[in-house]
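Novice:
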Amino acid sequence: MARTNQEAVIAFGEILCSTNTAYSHNAQNRIMSTNNRLMIYFQSMKFYIPEGFQPDTLLKLLQTMKKL
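Residue numbers (the UniProt record's numbering): 1 to 68.
(1) With a threshold of 8 Å on Cβ separation, who are the neighbours of L58 within its own chain once the five nearest residues in sequence on each side are excluded?
(2) Quick check: the Cα distance between L68 and L62, rounded to an integer number of angstroms?
(3) Return the first residue and the last residue of the alpha helix (DSSP H) that L62 is part of.
(4) Figure out for me which residue from Q43, G52 and E51 has the closest Cα to the Cα of T64.
(5) If you draw a straight line from the C-alpha of E53 to the C-alpha of I40, how long is it?
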């Protein structure tokens with residue numbers, strides 16, 4: 001049986017919200033402000049990156065996530 005070479009595939013996407021959807025409404029019609037933090041969805045987990053997060057620290061975080 002031949003072994004196949006399997007490599008991890010990492011995909012990144014950027015989601016932009018339009019200016020006319022600055023607020024969203026939930027089921028109870030309460031106004032909720034949009035969340036502008038970067039969110040990384042990885043292995044069914046959501047990582048929210050706060051504003052001002054250092055790029056080198058973000059790189060280390062992504063490298064650590066890749067090892068999981």
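Cβ atoms here follow ideal geometry from the backbone N, Cα and C, with glycine treated the same way.
Specialist: Once the coordinates are examined:
(1) Here residue 58 refers to the residue found at position 58 when the sequence shown is read from its first residue. Counting only Cβ-Cβ distances below 8 Å, and skipping sequence neighbours, we find I49.
(2) As a working note, residue 68 is residue 68 in the sequence shown. As a working note, residue 62 is residue 62 in the sequence shown. Straight-line measurement puts the Cα of L62 at about 10 Å from the Cα of L68.
(3) Position 62 of the sequence shown holds residue 62. For L62, the uninterrupted alpha helix (DSSP H) run begins and ends at P55 to K67, by DSSP.
(4) Locating residue 64 in the sequence shown gives position 64, where the first residue counts as 1. Relative to the Cα of T64, the nearest Cα in the group Q43, G52 and E51 belongs to Q43.
(5) Here residue 53 is taken as the residue at index 53 of the sequence shown, counted from 1. Here residue 40 is taken as the residue at index 40 of the sequence shown, counted from 1. Going by the sequence as given, residue 53 is Phe instead of Glu. Taking the straight line from one Cα to the other gives about 13 Å.
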